Structure formats: C-alpha cells, structure tokens
Amino acid sequence: MNSTTLAPSLTPDQLVERLQWRYATKRFDPSFRLSPEVWRALERTLVLSPSSFGLQPWHFVVVTDAAMKARLQPASWNQPQIVEASHLVVFAHRKNYGAADLTRYLERVASVRGVTRESLNGYEEVVLGHIQRPGFSVDEWTRRQTYLAVGSLLTAAATLGVDACPLEGIDPAQYDQILGLGAKGFASVCAVALGQRAADDRYASLAKVRFEASELITRI
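Okay, so the sequence shown: first residue is 980 according to my numbering, each after it adds one.
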C-alpha cells in the first residue's frame, strides 16, 4: 500500500449504509450533546474542507450557547432545529474577496510549505486572473464555495453517526447582525444543525426518495 494511502475504516457497503441512514433531521433531542471528541473531528472536517484554489474564502460560526440559539431562531423561520440541536454551524463567505485576501493565503502557503513568497507569484497571477476577469461575480463564487464545506460536514457527520440538518431557511441579514459577521467582512449563507434525532421525529422513518442512478448518472 502506498504510504500516503490510508487503510479504509469503513467498507464501501458500510459507507453507503451510513449515507442511506442520514436524513435532514427535523427534530433533535434537546438533551443530547455531542462529545468533545466527536465535535473535534467534525470541526477539523470544516477546516479540511476543499475549496477552489485552496483559498478557503469562508468563516464558520459554531453556536452552542442556548441564549444565542434563541436569538437566532426567529431569524430562522422559527425552525425547532435551531434551539434543539447540540451544535449549530453558520456558514459565511468572505465578501469582496480580493488581492489582500489572496496575499494572506499565499503567505500562509509559503510558511507551511517552506517556500519563498516569490515562488508563488505565478500562482498568484492565475488566481487573480480568474477572480478579476470581467463579468465575474466574486461574491457569488465565494458563496458557492461554502457549500463544499457543507457537503464535507454532512458526509462526515453521517459517517460518525451524527444527525444533521442543512438549513437555508435563515435570514442572512439578521444572522449577520446578530453574529457580527458584517463587521468582519463576512456574510451568512446557510447553517447546519447537528445532534441526535428525537425519538418522535416522524421523518426518520420515511423512505429515502431518490431517482434511479440511471437517471442521474451518465457513464462514458
């Protein structure tokens, strides 16, 4: 086995079983709290999420405080998941991502990889050429990047047996105000509630509805 290849902890069938098990949890057990070990793994999943060019144009706000959840619930269509879940993660994107943000990232690359900042100039030109081209909406692009992290978190949660619910039913402007994101140069996109499904959540027993693979996938 290649030294950079990890031995799988799940079989392929077990992975599919975990994904089949997950659903958008509508009611959480309000008495349940994720263990510190499980949350550390999920938080690390956020940090390790993929992004275009590796830029990570996002910020994640992890809400566990009951009072803050209560403030956010009215800005979330009063959905019960907001206050019942163990953890609520708010996904925000960097507004007006530009040259200064890219410089900060490249300085991090140089530090971590032990290379000179000058050696990254060519890469810098490629990225700037992409995000500064005419007609390109950099804010829409960074918003889309956050969904890559959402997918990573949902898959990791299912793998660990943690229930989750992605939530687009929020008022981003109110979230930004409550969490102070605007002053930091970020804007809310969506949220994910995590915890343990309530015993009486009727959605847990519903059959998962998906189109057949033959309709969704073209194999060439």
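Idealized CB from N, CA, C, for every residue including glycine.
None of these values were measured; they are calculated from a predicted model.
Asked                                                                                                                                                            : Found
According to DSSP, which residues form a beta bridge with residue 1170?                                                                                          : 1069 and 1146
Tell me which residue opens and which closes the beta strand (DSSP E) that residue 952 is part of.                                                               : The structure shown does not extend to residue 952, since the chain is modelled only from 980 through 1199, so no value can be given for it.
Take every Cβ of the segment 1087-1095, pair it with every Cβ of the segment 1051-1067, and state whether three or more of those distances are shorter than 8 Å. : no
So, are the CB atoms of residue 1158 and residue 1040 less than 7 Å apart?                                                                                       : yes
Does the Cβ of residue 1044 have 16 or more other Cβ atoms within 10 Å, making it buried, or fewer, making it exposed?                                           : exposed
Answer yes or no: do residue 1073 and residue 1029 have a C-beta to C-beta separation smaller than 7 Å?                                                          : no
Quick check: the Cα distance between residue 1079 and residue 1138, rounded to an integer number of angstroms?                                                   : 37 Å
Is residue 980 helix, strand or coil by DSSP?                                                                                                                    : Model confidence at residue 980 stands at a pLDDT of 45, short of 50, so the residue's coordinates are unreliable and nothing is read from them.
How would you label residue 961, buried or exposed, when you count the other beta carbons within 10 angstroms and need 16 or more for buried?                    : Residue 961 is absent from the structure shown; the chain starts at 980 and stops at 1199.
So what does DSSP say about residue 1032, is it helix, strand or coil?                                                                                           : helix
Quick check: the segment 1104-1115 against the segment 1135-1154, are at least 3 beta-carbon pairs closer than 8 Å?                                              : no
Rounded to the nearest angstrom, how far is the Cβ of residue 1168 from that of residue 1070, given a contact under 8 Å?                                         : 5 Å
Check for me: the alpha helix (DSSP H) holding residue 1024 runs from which residue to which?                                                                    : 1015-1026
Give a yes or no on whether the C-beta atoms belonging to residue 992 and residue 1177 are separated by under 7 Å.                                               : no
Taking the beta carbon of residue 1174 as the centre, do at least 16 other beta carbons fall within 10 Å, making it buried, or is it exposed?                    : buried
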